[in-house]
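Input: a single structure, listed below in structure tokens.
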Amino acid sequence: MVIVLAAFIGHWYLSLFCQTFFLHRYSAHKMFSMSKFWERFFYALTYISQGSSYLSPRAYAVLHRMHHAFSDTPRDPHSPHHTQNIFTMMWQTKNIYNAVLHRTQPIERQFDRNYPEWSFIEKVGDSWVSRAGWGVLYSLFYIFAFLYLDMHWAFFFLLPVHFVMGPVHGAIINWSGHKYGYANFDNQDKSKNSLILDVVMMGELFQNNHHKRPNAANFGAKWFEFDPTFPIIGVLHKLHIVRLRPAAEAKKAQQEVGHDRLVEREREIEA
């Protein structure tokens, strides 16, 4: 039973780290830079950690940039304030994600650029053979644990979380981070800091802080807001695996990936 719990927790946090570090802070925001070797390393690690629920860095970056530009407006790809519940929000996000991934809908140029690409991993990760293969691997592990490691049958209920680990993380972040908690800043949206829940989300639920300072690698703002991913980035910076951008350079990078508050124009149109 301990081995199964360790495996679940390990999968949860490794997948979450890849989502917040590589997909969010690097692919979507360019908060730091890295060499091509390390970019490929973390690209592959993202595929391995997310497995059956692999998310494309390009599609993730495009959707996330749209989310910042149109936060909590009807054009937000995943706002809890324009969907009935968390499941309809996830379904809407899936549809928009697939449209972006397969290039079946036009995307504004400012969102669709400056992200990592690796066509081999993209093709493999999005294939049903890969997704089903990872699902079988997870299932075999649990069957083995049930037969030989004295695992209680109730642990099989963890399997669906393994299957859709990436979307589960995204749903928690997008739903809770725009509904529950407190706000340090008036961002003209519904973003919140869900301090208690962030214990299991590695800084991702400091959404209000992040929407105020989208180019800051540290998602915490107050002294009591600890972003556990930021010290890891600091260590990687000292090891010369990544390079944190100076403030001016980070701001310029944000302008290059479409963080110019198009939401103001959207609200003017709606008014």
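In this note's numbering, the protein residues as written are 793 to 1063.
The beta-carbon is built from N, C-alpha and C at its ideal position, and this holds for glycine as well.
Under the DSSP assignment, R857 falls in the alpha helix (DSSP H) whose first and last residues are 849–861. Looking at S848, H1003, S911, the one whose alpha-carbon comes closest to that of P959 is S848. Separation of the CB atoms of N985 and A975 is rounded to 7 Å, and the pair is thereby assigned contact status at 8 Å.
Across the structure, F938 and S841 are spaced so that their CA atoms are roughly 23 Å apart.
Using a Cβ distance threshold of 7 Å, V1034 and F834 do not count as a contacting pair.
Burial check for Y818: the Cβ neighbour count within 10 Å reaches 16 or more, so the residue is buried. Comparing C-alpha distances from D918 to each of L929, N890, N906, I935 shows the shortest one belongs to N890. Distances from the alpha-carbon of L1028 to those of I913, N1007, F813, P898 put F813 closest. In the same chain as D864, and ignoring 5 residues on each side of it, the C-beta atoms closer than 7 Å to its own belong to S871, H873, H970, D981, K982, in chain order.
In the assembly as shown, I913 is a buried residue. Its beta-carbon has 16 or more other beta-carbons within 10 Å. According to the DSSP secondary-structure assignment, N985 is paired through a beta bridge with Y974, F998.
Per the Cβ contact rule, the region 880–895 is not in contact with the region 924–940 (fewer than 3 Cβ pairs under 8 Å). Here the alpha carbon of G1012 sits roughly 12 Å from the alpha carbon of P1006.
Shown here, S871 sits in coil according to DSSP, grouped into three states, outside any helix or strand. With respect to the C-alpha of H821, the residue from H1032, V794, R905 having the closest C-alpha is R905. Straight across, the Cα-Cα distance linking W830 with V916 is about 19 Å. Taking a C-beta distance under 7 Å as the contact criterion, F977 and N1000 qualify as a contact pair. Between the alpha carbons of L950 and L815 lies a gap of roughly 24 Å. Each of M858, I964, V794 was checked against the Cα of D990, and the nearest Cα belongs to I964. Excluding five sequence positions before and after R832, the CB atoms of its chain that fall closer than 7 Å to its own CB belong to W910, given in chain order.
DSSP places R1035 in the strand class (E or B) of the three-state scheme. Beta-bridge annotation (DSSP): S825 is paired with R1035.
Exposed is the label assigned to I935, since fewer than 16 other Cβ atoms lie within 10 Å of its Cβ. In the structure shown, the three-state DSSP call for K1014 is coil.
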